[in-house]
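For the record, in the sequence shown the residue sitting at position 321 is 321 according to full-length UniProt numbering, with numbers rising by one throughout. Idealized CB from N, CA, C, for every residue including glycine. Only a predicted model underlies this, so the values are computations on that prediction, with no experimental measurement involved. Note sheet for the following structure.
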Amino acid sequence: MSTVRPEVAPAADLAVEQRYVGGLYTRLDDLRARTVRRLEEQLALVPHNPQAIGEREAQVELHTQRIVALDAAESGLCFGRLDRHDADVPRYIGRIGLSSEDGDEEPLLVDWRAPAAQPFYTATPLHDLGVRRRRHIRTRGRTVVSIADETLDLDDPDVAERSGLAGESVLLAALNATRTGRMTDIVRTIQAEQDRIIRADSRGVVVVQGGPGTGKTAVALHRAAYLLYTHRERLARSGLLVVGPTPTFLRYIADVLPSLGETGVVLADLGGLRPGLQARASERPEVAEVKGRLAMADVVAAAVRNRQAVLDRPVELDIDGTRLRFTKADAARIRSRARSASRLHNEARPAAARAVIDLVARKYADKLGENVLGEANLLGRDDVAALRREVAAEPAVHRLVDRLWPRLTAERLLADLLASPEQLATASPGWSDADRALLRRPPSSPWTPADVPLLDEADELLGVDDSAQRSATRREEQRRLRHAQETLDLLHGSRSQDSETAEESEELSAGDLLDAESLAERQQAADTRSTAERAAADRTWTYGHVIVDEAQELSAMAWRLLLRRCPTRSMTVVGDVAQTSSAAGASSWAEVLTPHVGRHWRLEELTVNYRTPAEIMAVADEVLARSGSGGTAAQAVRSTGERPWSQRAPEADLAGVVAEAAAEFDKEDGTLAVVVPRRRLDAIADAVRARLPGAATDGDLTTGPVVLPPEAVKGLEFDSVLVADPSGIVEEGVRGHNDLYVALTRATQRLGVVHPGDLPAALSGLEARS
């Protein structure tokens, strides 16, 4: 790809585009002002019933989202123009669509996601798609600062001089820009292979495989915006979920979708997918690997079964001085009856409780001489019913029900299972003692991301005993109905009767317009939350589309959780198996997807590395070759002229040398990351902070340099990267060469490596410095 820049645009052309872009901003201001007025009108309304409240809140939400979208379009509103063979009027491309006041067929601005905008990204001189010239417009604020043209007409005399160069220079200018700690959109510079994936059919599972710097994340986020644009009605109801590898990554990408005009999306990492829980604790990789095995689904299922009517010895009950014996055979009958009532543990609990009460009441009656099966009954029906009520009220019977069929939460089930060697052994027949030992944890331990799929699996098997809630809901509905009827009766009795008979009266009452049921329905509170808010708070929510970034890291159990969230299997899966660092992660896409979706997935590949300079990739490719992943590096298209370097430091001085090197890099523009083995994180972070007080280890990329382990920089990019102790990274990681490959390929401009001891052979291409 050439780095030649187009000639400077004439001042007259800049003036033309400035007038047009100024008109677009005038239209944008007008639309924003109208929307603000409508929002203020809705906020000023005083609703008189819950239905009106719901309608008002829906309008408030609609107008608020529209204002957010219009505000997001402010920066870089218009960035392109298409001059076509068959039209005299140019077509302008931008972040959102803007129609003219008079409703002309050609809009003032075409949304980049619309089919009419696609040639801006895909037209070439050989396949011009009806485009004669493509113009790139760059703005600062509301001012047009430059334009660059690509002539696609092969018959144009200037084509040899101008064709293809402008688009590449626009792309390279964007790639060479310094980073800010927040990801920006690529809507101005989407390339043809990226555009094809962004606009791909939403049906089925699309896997986007691409090496470092190929724009996988950007493609995934722009695909989210595109699908929300083309399937707005469906996704407005069901929502769209974006899953990333870490909270740091989610903060990094948080601004992209709003900048593209989309705000109704749920962003979460694996540890945040359970409502009300943020599973952030860390654990050893080998523990996470065991928890991620598909066989854990059987272990969780067995753990539930083992809490259902299991007695190791008979139980003695005392009912009003009468001793009763409850045997293991009795427990088996309870278990059979409850399981036939429901496959979900908690939902079967009421049936288990009834079965226990019936059985104990029968034993109690038999003990008193009653034969409840017929023949000569000593007790009448009313007496038996009284005995049953007495048994149902006994605390001892309640304790027996809790023992035989406890009400369980997923957290309680999993905490009890992992804290008990006996429960683990019973639930995992055939497992090794070593694997069981890895699962053991104290009952009060904090939850980790690898626990979340297990908790979700437990929820699927436990269900919710909502019988009490249903009863309360029925009582509340009856109360509202009585209140509504009383209100209507009161209104009917107090209405004026000016005529001699009610039949002759023309006065209408509330009872003539609605009945008690309708009035009661109006008293129900309306749910005014947005789709994204409701989805994020509901564990059972199913999404219209799910996008998974760095998907190669997911375990088999994590895939079970995500596929549960998307039963339609409309998913975009983004990753690179050459960067897998988790022991539970993917070695191939077929390995992780076939058990869940069979052959119903398709692979798309990104082959061009836009981010990482060729000088750095020459070194990283050697590490990739030694990783054994079989991956092929994408072709790097940028060259900075800066050779990556290495510096040896004595073990005792390593932290100090790293801090000095970081201070040197920090003098350059842009962002800086120091990537270190986890065991050295505290010592090196302290040394870097002493030299650079703004340095952080919490993943906040906007405040200054960051010091992070390799797994925390996955999916991120920085202008400068300093890798400390590369051998330590390889030795510490489960797939250590993959971790080192990730660390090396985060840099967009500069790379340095500080090492104690000998440099790994794979890094022999680094330029040594003293």
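As the crow flies, the alpha-carbon of T572 is around 48 Å from that of L311. By the neighbour-count definition (other C-beta atoms within 10 Å, threshold 16), H48 is an exposed residue.
Per DSSP, I547 is one residue of the beta strand (DSSP E) stretching across 545-548.
Annotation for Y92: the continuous beta strand (DSSP E) segment containing it runs 91-94. Per DSSP, the beta-bridge partners of M571 are V205, V546. The closest CA to that of Y252, considering only G264, L240, D269, R237, is found on D269. Annotation for G213: N609, Y610, R611, T612 place their beta carbon closer than 6 Å to its own, counting only its chain and skipping 5 residues before and after. In the DSSP assignment, V707 falls within the unbroken beta strand (DSSP E) covering 706-708. Excluding the 5 residues flanking it on each side, V730 has same chain C-beta neighbours closer than 8 Å at G736, H737, D739, L740, P760, in chain order. Pairwise C-beta distances place the region 11-26 in contact with the region 139-153, as three or more of them are shorter than 8 Å. Taking 4 residues as the shortest admissible run, the region 296-334 contains the following complete alpha helix (DSSP H) segments, listed from N- to C-terminal end: 296-305. V187 is a Cβ neighbour of H222, given a cutoff of 8 Å.
Within the same chain, Cβ atoms closer than 6 Å to the Cβ of A535 are found at G239, V266, W541, the five residues on either side in sequence being excluded.
Taking a cut-off of 8 Å on C-beta distances, the region 674-688 does not touch the region 636-652, as fewer than three cross pairs fall below it. Take the alpha-carbon of V397 and the one of S336: they are about 19 Å apart.
Here L45 is exposed. Its C-beta has fewer than 16 other C-beta atoms within 10 Å. The straight-line gap separating the alpha-carbon atoms of V464 and P449 is approximately 23 Å. For D666, no beta strand (DSSP E) run applies; the uninterrupted alpha helix (DSSP H) run containing it begins and ends at 654-666, by DSSP. In this structure the region 198-217 does not touch the region 133-140; the number of beta carbon pairs closer than 8 Å is below three.
DSSP places I147 in the strand class (E or B) of the three-state scheme. DSSP links W601 through a beta bridge to V205. Under DSSP, the beta-bridge partners assigned to A768 are S646. In the DSSP assignment, S75 falls outside any beta strand (DSSP E), carrying neither H nor E. DSSP places V753 in no alpha helix (DSSP H) but in the uninterrupted beta strand (DSSP E) bounded by 747-755. Annotated three-state conformation of L344 is coil, per DSSP. With fewer than three CB-CB distances shorter than 8 Å, the region 351-370 does not count as touching the region 410-426. When secondary structure is reduced to three states using DSSP, D83 falls in the strand class. Between the alpha carbons of E390 and R440 lies a gap of roughly 43 Å.
By a beta-carbon distance limit of 8 Å, R32 contacts L70. Their separation comes to about 5 Å. Non-local beta-carbon contacts of A532 in its own chain, meaning distances under 7 Å to residues more than five positions away in sequence, involve G239, G264, V265, V266 in chain order. With a beta-carbon spacing of about 5 Å, D549 and V574 fall inside the 8 Å limit used to define contacts. With respect to the 8 Å criterion, P275 and D451 are not classified as neighbours on the basis of their beta carbons.
In summary, Q478 is exposed, with fewer than 16 beta-carbon neighbours lying within 10 Å of its beta-carbon over all protein chains present. Measuring C-alpha to C-alpha distances from R565 to each of V592, A353, P756, L273 identifies L273 as the nearest. One alpha carbon belongs to L317, the other to V304, and they sit about 26 Å apart.
The region 338-350 and the region 318-327 do not touch, with fewer than 3 CB-CB distances between them shorter than 8 Å.
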